[in-house]
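Trainee: What follows is a structure written as C-alpha cells; I'll ask about it next.
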Amino acid sequence: MSFALYLTGFILIISGIAWALVTAGVAMFKIAIVCLILLGIGILTGVVKTRPKDPPRGPLT
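Each residue of the sequence shown is one higher than the one before, counting from 3 in the working numbering.
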C-alpha cells in the first residue's frame, strides 16, 4: 500500500473523529490538538508500514 493512500485513509478517519467531537460540543482548541496528535501518529505509522524492506545481505567476505 502506498503512503499517499494510507495517509488519505487516516485523514478521513481524523475528519470523522473531528466531526464527532464538534457534534459533541468539544472546544475547537481541543479538537485541533487531538487532530494534530492523530495526524502525527498517522504519519509515523504510515512511514513504518509503507517503508520498503531492505534486501537481505549476503555473507561478509
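Ideal Cβ positions, reconstructed from N, Cα and C, are used throughout, including at glycine.
Note that this is a predicted model, so its numbers are computed, not measured.
What is the DSSP secondary structure of Ser-17, reduced to helix, strand or coil?
Mentor: Taking the sequence shown and counting its residues from 1, one reaches residue 17 at position 15. Note: Ser-17 maps to helix in three-state DSSP.
Trainee: Nearest by alpha-carbon distance to Gly-18: which of Ser-4, Leu-7, Arg-53 and Leu-40 is it?
Mentor: Stepping through the sequence shown from its first residue, residue 18 is reached at position 16. For the residues Ser-4, Leu-7, Arg-53 and Leu-40, the minimum Cα distance to Gly-18 belongs to Leu-40.
Trainee: So, Val-49 versus Phe-5, is the Cβ gap smaller than 9 Å?
Mentor: Residue mapping note: residue 49 aligns to position 47 of the sequence shown, counting from 1. Residue mapping note: residue 5 aligns to position 3 of the sequence shown, counting from 1. Against a cut-off of 9 Å, the Cβ pair of Phe-5 and Val-49 comes out as a contact.
Trainee: Are Lys-55 and Tyr-8 closer than 9 Å when you measure CB to CB?
Mentor: Here the question's residue 55 lines up with position 53 in the sequence shown. Here the question's residue 8 lines up with position 6 in the sequence shown. Going by C-beta atoms, Lys-55 is not nearer than 9 Å to Tyr-8.
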